[in-house]
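**Q** Numbered per our numbering, the sequence shown finishes at 91, counting up by one with no gaps.
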Amino acid sequence: MKSLILGLAASVALLAAPALAHDPKAAVDAASPKPMAEMTDTELHAHCKGLMGHKMDGRVPHDHSVEKLGHAPPPAKPLSAAEMQAQHDKCTAIMAEASAGLKAK
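What follows is the structure, given as structure tokens:
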């Protein structure tokens, strides 16, 4: 009986620990990110990559020998500067459209 009570107390403590350690300021900071105009290039790239997904990854050239022989695919060719800028422009347009929709409501 004593071990059952100890086990229940330990499990309650383990389940309650994350809730007690929750930082409400961190949740507010995560919910309201910096405006895109104030972001550094690295922050802007990470933000846009999160929004655009794999469209900002490099392109892997198609190689039939990889499919037939089972080799590892060649490394991805990174996007050119113009292609990357186009992705950032699309990201900015999507974010502006979303914020305009929020302000209209």
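The beta-carbon is built from N, C-alpha and C at its ideal position, and this holds for glycine as well.
The structure presented is a predicted model; accordingly, all values stated were derived computationally and were not measured.
Only counting the same chain, and skipping five residues up and downstream in sequence, which positions put a Cβ closer than 7 Å to that of P64?
**A** The sequence position of residue 64 within the sequence shown is 78, counting from 1. For P64, where only same-chain residues beyond five positions count, the Cβ hits under 7 Å are G44.
**Q** Could you tell me the boundaries of the alpha helix (DSSP H) in which D49 lies?
**A** Taking the first residue of the sequence shown as position 1, residue 49 is located at position 63. D49 -> no alpha helix (DSSP H), and no H or E assigned at all.
**Q** Are there 16 or more other CB atoms within 10 angstroms of the CB of P48, so buried, or fewer, so exposed?
**A** Here residue 48 is taken as the residue at index 62 of the sequence shown, counted from 1. One detail in the question is off: residue 48 reads as His in this sequence, not Pro. Label assigned to H48: exposed.
**Q** Does the segment 67 to 76 come close enough to the segment 29 to 39 to have 3 or more Cβ pairs within less than 8 Å?
**A** The answer is yes - the segment 29 to 39 touches the segment 67 to 76, with three or more Cβ pairs under 8 Å.
**Q** What's the gap between the Cα of A23 and the Cα of S66?
**A** For the purposes of this step, residue 23 is taken as residue 37 along the sequence shown, with counting starting at 1. For the purposes of this step, residue 66 is taken as residue 80 along the sequence shown, with counting starting at 1. So the alpha carbons of these two residues sit roughly 23 Å apart.
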